[in-house]
Amino acid sequence: MSQSFETNSPNEEWESIEDLYYPHSLVQDILWASLHKVLEPILGHWPGNKLREKALCTVMQHVHYEDENTRYICIGPVNKVLNMLCCWIEDPNSEAFKLHIPRIFDYLWIAEDGMKMQGYNGSQLWDTSFAVQAIISTNLGEEYGLTLRKAHEFIKNSQVLEDCPGDLKFWYRHISKGAWPFSTADHGWPISDCTAEGLKAVLLLSKLSLETVGEPLDMEQLFDAVNVILSLQNADGGFATYELTRSYRWVELINPAETFGDIVIDYPYAECTSAAIQALTSFKKLYPEHRRHEIENCISKAAKFIEDIQAPDGSWYGSWGVCFTYGGWFGIKGLIAAGNTYSNCPCIRKACDYLLSKELGSGGWGESYLSCQNKVYTNLPGDKPHNVNTAWAMLALIDAGQVKLETGGAI
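UniProt numbering puts the last residue of the sequence shown at 411; the count rises by one with no breaks.
As structure tokens, this is what we get:
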């Protein structure tokens, strides 16, 4: 039964639970209720409204800083919409609001069932880096030279060349000079694994002839990328996404999102940590003396982190793909890149056993998105295999040397 907007009571809808994917904690319910019913009336009148004005002014400074440094794309679609609304409320005729409008289309696309808003402004750099690595791995680089040359130019043009302006500590920002974003240079947010994959791609391209792929990336820009990766390692050896892990897990108690968990701080991930190891290992082979001790220490600590977060059953939870096959691929590749082998590393053996235990009778792997939600490996309906999960599992097992030990199934 539908209900008109005019008859809806905001206070009644405040605690509507129809779309409550992650329930609030009791602490959060008490906090939000107190802010809404006690603090809100105080801040609406003098002298509380003076404090609110000052706070809103500070917030708008950060909104404009984010907008300007992402060319009004913003880090993602949620704060894109919020920032745009803030600019409109501040001044509907402002230049800031006008600059927001054309960048809406970076997020919109038309599907068979209507218009959608995607979760990022694209995955251009990420996709291109993996495509380059895939083509070169076939030893057909010369044959597909034009494709690689164009991809090379895109990757070079996508690298972030400067840090954000001003006092980075004041703006709660990490260094970004030398990093690669997930999507485009306009977006510009530095990301650990995107920087790693971008670096891996340009290092591979530098081994091919200039006539085929064009001029290599300047050496100083390679060094800048390495500097960003090294700067993003946490004390526990792991790598998060955009920044160092700055706070504590208990702040999740006040996570206001009802659809996402574990988002209040930037946690370290197996995938990001593995990508960093792989990139630094590739770099070290070509530039063995550049910050050698720092790189070796970083790789050692990162490998230890991957070992430490492995589950007792041999799996790694994949946070950026579906799910345990994805995490297993990165976990194994990271440990192999760090110098471990199937024979000398129990973690790799356990991981291989885990992946093999999930192989279907058809020889493939097919993992449902429900693995991400429930954190328990779940096959696709009907135990159907999926090409992507199968590819991830096979890449991991082949890298681990399992092909020499296993003659049946998909291998």
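Here a beta-carbon is modelled for each residue, glycine too, at the ideal position from N, C-alpha and C. Just so we're clear, the structure is a prediction, and the values are computed from it rather than from any experiment.
Open item on the list: Determine whether the beta carbon atoms of residue 83 and residue 106 lie at a separation below 7 Å.
Closed with: For the purposes of this step, residue 83 is taken as the residue at position 83 of the sequence shown. For the purposes of this step, residue 106 is taken as the residue at position 106 of the sequence shown. No, they are not a contact pair.
Task: Three CB pairs or more closer than 8 Å across the region 189 to 198 and the region 124 to 135 - done: yes
- [ ] Look at the Cβ atom of residue 295, then the Cβ atom of residue 337, and state whether they are nearer than 7 Å.
- [x] Here residue 295 refers to the residue found at position 295 of the sequence shown. Here residue 337 refers to the residue found at position 337 of the sequence shown. Taking 7 Å as the Cβ cut-off, residue 295 and residue 337 do not qualify as a contacting pair.
Task: For residue 32, three-class secondary structure by DSSP - done: Sequence index remark: in the sequence shown, residue 32 carries index 32 (1-based). Helix at residue 32.
Task: Which of helix, strand or coil DSSP assigns to residue 108 - done: Taking the first residue of the sequence shown as position 1, residue 108 is located at position 108. Looking at residue 108 - three-state DSSP - the assignment turns out to be strand.
Open item on the list: Quick check on this structure: which residue in 269, 61 and 341 has the alpha carbon closest to the alpha carbon of residue 327?
Closed with: For the purposes of this step, residue 327 is identified with residue 327 of the sequence shown, where counting begins at 1. Looking at the Cα atoms, 269 is the closest of the given residues.
- [ ] Note down the Cα distance separating residue 364 from residue 125, rounded to an integer number of angstroms.
- [x] Translated into positions along the sequence shown, residue 364 becomes position 364. Translated into positions along the sequence shown, residue 125 becomes position 125. So the two alpha carbons sit approximately 29 Å from each other.
Open item on the list: Which residue marks the beginning of the beta strand (DSSP E) containing residue 114, and which one marks its end?
Closed with: Here residue 114 refers to the residue found at position 114 when the sequence shown is read from its first residue. 114 to 117 is the span of the beta strand (DSSP E), which, as asked, contains residue 114.
- [ ] Please work out which residues of its chain come closer than 6 Å, Cβ to Cβ, to residue 142, disregarding the five sequence neighbours upstream and downstream, and give them in chain order.
- [x] By one-based count along the sequence shown, residue 142 stands at place 142. Excluding residues within five positions, the ones whose Cβ falls inside 6 Å are 212.
- [ ] Flag this pair as yes or no: are the beta carbons of residue 340 and residue 332 separated by less than 7 Å?
- [x] As a first step, residue 340 is located in the sequence shown; it is residue number 340 there, counting from the start. As a first step, residue 332 is located in the sequence shown; it is residue number 332 there, counting from the start. For residue 340 and residue 332, no; Cβs fall outside 7 Å.
Task: Straight-line gap, residue 160 to residue 320 (C-alpha atoms, nearest Å) - done: Locating residue 160 in the sequence shown gives position 160, counting from the first residue. Locating residue 320 in the sequence shown gives position 320, counting from the first residue. Using only the alpha carbons, I get a separation of about 23 Å.
Open item on the list: I need the DSSP call for residue 170, collapsed to helix, strand or coil.
Closed with: Mapped onto the sequence shown, residue 170 falls at position 170. Here residue 170 sits in coil by DSSP.
- [ ] With a threshold of 16 other CB atoms inside 10 Å of the CB of residue 408, please say whether the residue is buried or exposed.
- [x] The residue you call residue 408 lines up with position 408 of the sequence shown. For residue 408, the predicted model reports a pLDDT of 49, less than 50, meaning its position is unreliable and no value from the coordinates is stated.
Open item on the list: Do residue 324 and residue 237 count as a contact pair if the criterion is CB distance below 7 Å?
Closed with: Position 237 of the sequence shown, counted from the first residue, corresponds to residue 237. Position 324 of the sequence shown, counted from the first residue, corresponds to residue 324. Cβ distance not < 7 Å, so residue 237 and residue 324 don't count as in contact.
- [ ] Specify the secondary structure class of residue 260 as computed by DSSP and reduced to three states.
- [x] As a working note, residue 260 is residue 260 in the sequence shown. Correct three-state label for residue 260: coil.
Open item on the list: Whole angstroms are fine: how far does the CA of residue 153 sit from the CA of residue 191?
Closed with: In the sequence shown, the residue the question calls residue 191 occupies position 191. In the sequence shown, the residue the question calls residue 153 occupies position 153. Cα to Cα, the separation comes out at about 20 Å.
Task: Distance between residue 47 and residue 189 (C-alpha atoms, nearest Å) - done: Against the sequence shown, residue 189 aligns to sequence position 189. Against the sequence shown, residue 47 aligns to sequence position 47. Going from the Cα of residue 189 to the Cα of residue 47 covers about 38 Å.
TODO: Compare the C-alpha of residue 88 against each of 110, 108 and 63 and name the closest.
DONE: As a first step, residue 88 is located in the sequence shown; it is residue number 88 there, counting from the start. That would be 63, whose Cα lies nearest to the Cα of residue 88.
Open item on the list: Since residue 122 and residue 76 should fall inside the 8 Å C-beta cutoff, what is the C-beta to C-beta distance between them, to a whole number of angstroms?
Closed with: Here residue 122 refers to the residue found at position 122 when the sequence shown is read from its first residue. Here residue 76 refers to the residue found at position 76 when the sequence shown is read from its first residue. In fact, because the Cβ distance is near 12 Å, the residues do not count as touching under 8 Å.
- [ ] Can you say whether residue 352 is buried or exposed, counting buried as having 16 or more other CB atoms within 10 angstroms of its CB?
- [x] Working through the sequence shown from its first residue, we reach residue 352 at position 352. Under this definition residue 352 is a buried residue.
Task: Burial state of residue 235, where buried means 16 or more other Cβ atoms lie within 10 Å - done: By one-based count along the sequence shown, residue 235 stands at place 235. So residue 235 counts as exposed.
Task: Cross-strand partners of residue 367 (DSSP beta bridge) - done: The residue given as residue 367 occupies position 367 in the sequence shown. Per DSSP, 379.
- [ ] Pull up the distance between the alpha-carbon of residue 401 and that of residue 23, whole angstroms please.
- [x] Residue mapping note: residue 401 aligns to position 401 of the sequence shown, counting from 1. Residue mapping note: residue 23 aligns to position 23 of the sequence shown, counting from 1. Looking at the two C-alpha atoms, the distance is approximately 44 Å.
Open item on the list: Can you tell me where the alpha helix (DSSP H) holding residue 41 begins and where it ends?
Closed with: On the sequence shown, residue 41 is found 41 positions in, with the first residue counted as 1. Taken as a continuous stretch (DSSP letters only), the alpha helix (DSSP H) holding residue 41 covers 40 to 43.
TODO: Taking only the alpha-carbon atoms, compute the straight-line gap between residue 248 and residue 112 and give it to the nearest angstrom.
DONE: Against the sequence shown, residue 248 aligns to sequence position 248. Against the sequence shown, residue 112 aligns to sequence position 112. Approximately 43 Å, taken between the alpha carbons.
- [ ] Note down the Cα distance separating residue 358 from residue 346, rounded to an integer number of angstroms.
- [x] To locate residue 358, count along the sequence shown from 1; it is residue 358. To locate residue 346, count along the sequence shown from 1; it is residue 346. So the two alpha carbons sit approximately 19 Å from each other.
Open item on the list: Could you compute how far the alpha carbon of residue 411 sits from the alpha carbon of residue 137?
Closed with: Counting from one through the sequence shown, the residue named residue 411 turns up at place 411. Counting from one through the sequence shown, the residue named residue 137 turns up at place 137. In this predicted model, residue 411 has a pLDDT of only 46, less than 50, meaning its place in the structure is not dependable; the value taken from the coordinates is given anyway. Using only the alpha carbons, I get a separation of about 18 Å.
Open item on the list: On the CB-based measure, 16 or more other CB atoms within 10 Å of its CB, does residue 233 come out buried or exposed?
Closed with: Residue numbering aside, residue 233 sits at position 233 when the sequence shown is read from its first letter. It is buried - the Cβ of residue 233 has at least 16 other Cβ atoms within 10 Å.
Open item on the list: Distance check for residue 96 and residue 73, CA to CA, integer angstroms please.
Closed with: Taking the sequence shown and counting its residues from 1, the one referred to as residue 73 is at position 73. Taking the sequence shown and counting its residues from 1, the one referred to as residue 96 is at position 96. For residue 73 and residue 96, the distance between alpha carbons rounds to 12 Å.
Open item on the list: Classify residue 394: buried if its beta carbon has 16 or more other beta carbons within 10 angstroms, exposed otherwise.
Closed with: For this step, residue 394 is matched to residue 394 along the sequence shown. With 16 or more other Cβ atoms within 10 Å, it is buried.
- [ ] Inspect the beta-carbon positions of residue 28 and residue 254 and report whether they are closer than 7 Å.
- [x] By one-based count along the sequence shown, residue 28 stands at place 28. By one-based count along the sequence shown, residue 254 stands at place 254. Against a cut-off of 7 Å, the Cβ pair of residue 254 and residue 28 comes out as a contact.
Open item on the list: Suppose you measure from the CA of residue 322 to the CA of residue 54; what does that come to, to the nearest Å?
Closed with: The count along the sequence shown starts at 1 and reaches residue 322 at position 322. The count along the sequence shown starts at 1 and reaches residue 54 at position 54. If I take the Cα positions, the gap works out to 44 Å.
Open item on the list: Can you list, in chain order, the residues of its chain with a C-beta nearer than 7 Å to that of residue 392? Leave out the 5 residues immediately preceding and following it.
Closed with: Counting from one through the sequence shown, the residue named residue 392 turns up at place 392. Result list for residue 392: 325, 326 and 329, in chain order.
- [ ] Return helix, strand or coil for residue 182, following the three-state DSSP convention.
- [x] For the purposes of this step, residue 182 is taken as residue 182 along the sequence shown, with counting starting at 1. Reduced to three states, the DSSP call for residue 182 is coil.
Open item on the list: Suppose you measure from the CA of residue 389 to the CA of residue 273; what does that come to, to the nearest Å?
Closed with: Mapped onto the sequence shown, residue 389 falls at position 389. Mapped onto the sequence shown, residue 273 falls at position 273. So the alpha carbons of these two residues sit roughly 20 Å apart.
TODO: Give the single residue among 108, 86 and 109 whose Cα lies nearest to the Cα of residue 98.
DONE: Numbered from its first residue, the sequence shown carries residue 98 at position 98. With distances taken between Cα atoms, residue 98 lies closest to 86.
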